[in-house]
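Residue numbering for the sequence shown is 478 to 550, as defined by our numbering.
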Amino acid sequence: MGTAAWFCDPQAPWQKGTVENTNKRAGATCRRFWISAIRRSACCVRLNDTPRKCLGFQTPKEVFSQQLMAMES
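If you want it as structure tokens, here you go:
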């Protein structure tokens with residue numbers, strides 16, 4: 478997809494704000510360590526359907542779909 482990889486320093490959460498925010502949201506949704514596959518799937522859907530400021534208030538699913546369509550064109 479032409480994406481660049483960037484590796485942040487260990488123990489530096491300020492370098493990966495989006496990841497930390499997503500982990501916090503996932504932790505709030507899926508509090509228990511062992512959860513069912515259905516609940517885990519629902520958690521993923523909820524996270525991917527949440528608009529993000531860093532994506533221009535689009536959802537990750539929308540941005541990914543747009544990128545895929547652009548590649549197919």
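Here a beta-carbon is modelled for each residue, glycine too, at the ideal position from N, C-alpha and C.
Checklist entry - Is Q488 helix, strand or coil when you go by DSSP? => result coil
Checklist entry - Should the segment 519-527 be called in touch with the segment 484-503, which here means at least 3 C-beta pairs below 8 angstroms? => result yes
Next on the checklist: Using 8 angstroms as the threshold, is the C-beta distance between T495 and C531 below it?
Outcome noted: yes
Checklist entry - By Cβ distance, which residues of its chain are closer than 7 angstroms to Q492, with the 5 residues on each side in sequence left out? => result C485 and D486
Checklist entry - Could you check where the alpha helix (DSSP H) with C521 kicks off and where it finishes? => result A514 to N525
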